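Letter 67 of the sequence shown, counting from 1, is numbered 73 in the working numbering, and no numbers are missing. Built from N, CA and C at the ideal position, the CB exists for glycine as well. Note that the structure is a prediction, hence the values are computed from the model and not measured. Have a look at the structure below before the remarks.
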Amino acid sequence: MHIGIVASEGSQAKIVRPRVYHMAAGGVVIRGKGTKVTCVEAEIFGNSAAGIEVADGANAALVENSIQNNGGPGVLVQANCYGSMARNNVIENTGGKVVSHAHERKFVIG
């Protein structure tokens with residue numbers, strides 16, 4: 007299964023202006039305790055699953071991204087994840103805009 011960008015196992019990164027499209031799975035996957043990623047000005051579209059998935063205790067800051075026409079939700083946040091979203095354009099995703107299982111104080115959607 008092809009995933010566009012994967013950050014895991016405690017990695018820390020700033021992803022700036024990537025174009026992630028037509029993957030057989032998710033566009034960007036951020037997972038794992040200690041993983042901390044900022045994704046800025048990305049174009050994420052046409053992927054088979056979620057545009058961006060935050061899972062397994064990861065911490066993500068999603069800022070000014072365009073996330074559209076993905077096969078799952080635009081952004082999927084699993085339980086026990088941290089971070090925030092601001093000024094993202096999330097439209098026309100099969101699974102909805104944002105699906106969050108995280109506590110609202112842990113992952114702030116603004």
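Under 9 Å between C-beta atoms of residue i and residue j
i, j, result
"N65", "C45", "no"
"A55", "N75", "no"
"M29", "I58", "no"
"D62", "G38", "yes"
"V69", "N94", "yes"
"V83", "E47", "no"
Among the options, the one whose alpha carbon lies nearest that of residue i
i, options, result
"A176", "R25, G40 and H8", "Coverage of the chain is limited to positions 7 through 116, which leaves residue 176 absent and any answer about it impossible."
"G52", "P79, A67 and I36", "P79"
"K112", "E98, G102, V105 and S90", "S90"
"I97", "V26, N71 and V12", "N71"
"A31", "I21, I50 and K42", "I50"
"G16", "V114, A108, I36 and Y27", "I36"
Proximity test, residue i beta-carbon vs the ligand NAD heavy atom, cut-off 8 Å
i, result
"E49", "This structure does not include the ligand NAD; it has no bound ligands of any sort."
Where residue i falls: helix, strand or coil (DSSP)
i, result
"Q84", "coil"
"K20", "strand"
"M29", "coil"
"G10", "coil"
"K39", "coil"
"G89", "strand"
"T100", "coil"
"E49", "strand"
"N95", "strand"
Residue i to residue j span [Cα, whole Å]
i, j, result
"A67", "T100", "23 Å"
"K42", "I11", "14 Å"
"V114", "Y27", "26 Å"
"G116", "A92", "5 Å"
"A108", "V81", "12 Å"
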